[in-house]
Amino acid sequence: MLDVQAGDEQSFALLLHRYRTPLVNFLYRMVRNREQAEDLAQEVFLRVYRAREDYVPSAKFTTWLFRIATNLALNSVRDNRYQRMEISLDAPLTADAEDGEEKKLDVAEMHPNIEQHLIEETRRKMIRRAIEKLPEKQRAAVLLHKYQELDYGEISKILECSESALKSLLFRAYETLRVELAPLVAQRAVR
Amino acid sequence: MDGRLKEGERLEMEKHLSTCAVCQLRVNEFRAVHVLLDELPMIEPSAAFDVRMQARVAAEPAKQNWWAWFASSPRVAFAASMLVAAMVWVGSQTADTPLNAGDIDKINQNMSVLENYDVISDFAPLSDLPQPVQADDASDTKPNQQM
């Protein structure tokens, strides 16, 4: 980042290359829409680029990056929720990535073991829905903890809370996931 | 569960788990949740992502500081430096110009006023002068006198 600050465009390209996949995945799991996730990821990188001259390396770059991303994602999730409420309070959520995933099943039908594919797809859908159902701050905490493997200090800075509050947030989130995924958890826990 | 406990904390927890079946079950369930979350596939950004990003960065207005602005506008820089040089030259000329005979005569004529330092510095001596007669008082008394 310090090279980017010094005006090195090549370093910005490296930064983009290194962080675009984790960032897009984090945002995708937050907003559940691939296009929107990419738009938000671009906005994050653009903000990093704009702020390069004022960047002070007081915290880790990943903390700063995911703090911008989390704020954008939380705002987007809230905006989407209000938009959905305006359209219909009872309308099923069909216009998301799940449609795309279901279409993939048509291709998967050509696979010799279609039953296995269906089972795996059902499991993934359950897991996705369990994560989706988490309140957005809990969801962000789980995604940063589980998929980005950030430490408690970093995550608490990103979510602007104390480490003890974060641990409590994570415990509640994992407890909810344990209950939501009980049938799958029981299979695994027995093994 | 996530391998982030300190060594002492981990040993303490393992000691407890070896004697508590309820907690042992709960920990196994949390570990299972962790493994389940790994089943979600990662997605790759679309092929257009980098191209769009580069275009957006290229469209950003370049930030320039003061000197960079001067460097990009040599005519403005030249005009500004000439203006500064002219101001310095005029200032130095007026400061060094010697007084001519006419100026000295004028100063000598006004010397009586200039020498009265008390008047110039604090105007206190002016308070010794008699108060001027109020114009309104004069106008009030005149009709009475007439009567």
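Taken in order, these protein sequences are the chains called A and B.
Read in order, the letters of the first sequence are residues 1 to 191 in the numbering used here.
Read in order, the letters of the second sequence are residues 192 to 338 in the numbering used here.
Just so you know, even glycine gets a beta-carbon here, dropped at the ideal spot from N, CA and C.
Note that the coordinates shown come from a computational prediction; the quantities given were computed from them, not determined experimentally.
{"Item": "When you compare only the Cα positions, how much space is there between A:R207 and A:L40?", "Value": "Nothing in the structure corresponds to residue 207 of chain A, since chain A is present only between 1 and 191."}
{"Item": "Hey, out of B:R266, B:P236, B:A250 and B:G282, whose CA is closest to A:R18's CA?", "Value": "B:P236"}
{"Item": "Within the 7 Å Cβ cut-off, does A:V185 reach chain B?", "Value": "yes"}
{"Item": "Might you give, ordered along the chain, the residues of its own chain that have their beta carbon closer than 6 Å to the beta carbon of A:A13, omitting 5 neighbours on each side?", "Value": "none"}
{"Item": "Which residue's Cα is closest to the Cα of A:R50: B:E200, B:L196, B:V213 and B:V248?", "Value": "B:V248"}
{"Item": "Excluding the five sequence neighbours on either side, which residues of its own chain have a C-beta within less than 8 Å of the C-beta of A:L134, listed in chain order?", "Value": "V142, A173, T176 and L177"}
{"Item": "State the Cα-Cα distance for the pair B:D296 and B:S303, rounded to the nearest angstrom.", "Value": "13 Å"}
{"Item": "Applying the 10 Å Cβ sphere with the 16-neighbour rule, what's the burial state of B:T210?", "Value": "exposed"}
{"Item": "List, in chain order, every chain B residue whose beta-carbon is nearer than 8 Å to that of A:Y49.", "Value": "V248 and E251"}
{"Item": "Using a Cβ cut-off of 7 Å (strictly closer), state whether B:F269 contacts chain A.", "Value": "no"}
{"Item": "Quick one, which residues of the region 208-228 of chain B are near chain A if we go by CB-CB under 9 Å, in chain order?", "Value": "L216, R217, N219, E220, F221, R222, A223, V224, H225, V226, L227 and L228"}
{"Item": "Taking the straight line between their C-alpha atoms, what separation do you get for A:R129 and A:E136?", "Value": "13 Å"}
{"Item": "Verify the CB distance criterion: does A:S11 have a CB-CB separation below 7 Å to chain B?", "Value": "no"}
{"Item": "To the nearest angstrom, report how far apart A:L46 and B:Q245 are at their CA atoms.", "Value": "10 Å"}
{"Item": "In the DSSP assignment, the alpha helix (DSSP H) including A:K167 goes from what residue to what residue?", "Value": "E163 to E180"}
{"Item": "Counting only Cβ pairs nearer than 7 Å, list the residues of chain A close to B:E235.", "Value": "T21"}
{"Item": "If the cut-off is 9 Å on Cβ atoms, which residues from the region 136-154 of chain A count as contacting chain B, listed in chain order?", "Value": "V142, H145, K146, Y147, E149, D151 and Y152"}
{"Item": "What is the rounded straight-line gap between the Cα of A:Y152 and the Cα of A:E121?", "Value": "32 Å"}
{"Item": "In whole angstroms, what is the alpha-carbon distance linking B:R222 and A:F171?", "Value": "13 Å"}
{"Item": "Only counting the same chain, and skipping five residues up and downstream in sequence, which positions put a Cβ closer than 7 Å to that of A:P22?", "Value": "Q148"}
{"Item": "Which residues of the region 160-177 of chain A have a Cβ closer than 7 Å to any Cβ of chain B? Give them in chain order.", "Value": "Y174 and L177"}
{"Item": "Express the C-alpha separation of B:P289 and B:A276 in angstroms, rounding to a whole number.", "Value": "22 Å"}
{"Item": "I'd like to know if A:E180 contacts chain B, where contact means its C-beta is closer than 7 Å to some C-beta of that chain.", "Value": "no"}
{"Item": "Please report whether the beta-carbon of A:L65 lies at a distance below 7 Å from any beta-carbon of chain B.", "Value": "no"}
{"Item": "Are the C-beta of A:L268 and some C-beta of chain B separated by less than 7 Å?", "Value": "Residue 268 of chain A falls outside the range modelled here, since chain A spans only 1 to 191, and no answer is possible."}
{"Item": "How about A:M30 and A:A59: are their beta carbons less than 7 Å apart?", "Value": "no"}
{"Item": "Here's a check: name, in chain order, each residue in its chain whose Cβ is nearer than 7 Å to the Cβ of A:D96, leaving out the five neighbours to either side.", "Value": "Because A:D96 carries a pLDDT of 47, less than 50, the predicted location of this residue cannot be relied on, and no value is offered for it."}
{"Item": "Between which two residues does the alpha helix (DSSP H) carrying A:R139 extend?", "Value": "E136 to V142"}
{"Item": "Kindly give me the distance between the Cβ atoms of A:K157 and A:R67, rounded to whole angstroms, as I take these residues to be in contact under 8 Å.", "Value": "7 Å"}
{"Item": "Are the C-beta atoms of A:N33 and some chain B residue less than 7 Å apart?", "Value": "no"}
{"Item": "With 7 Å as the threshold, decide whether the Cβ of B:E203 is near any Cβ in chain A.", "Value": "no"}
{"Item": "Which of helix, strand or coil does DSSP assign to B:D233?", "Value": "In the sequence under discussion, the amino acid at residue 233 of chain B is Met, which differs from the Asp named in the question. Three-state result, B:M233: coil."}
{"Item": "If you measure from the beta carbon of B:M244 to each beta carbon in chain A, is any gap under 7 Å?", "Value": "yes"}
{"Item": "What is the DSSP secondary structure of B:Q322, reduced to helix, strand or coil?", "Value": "coil"}
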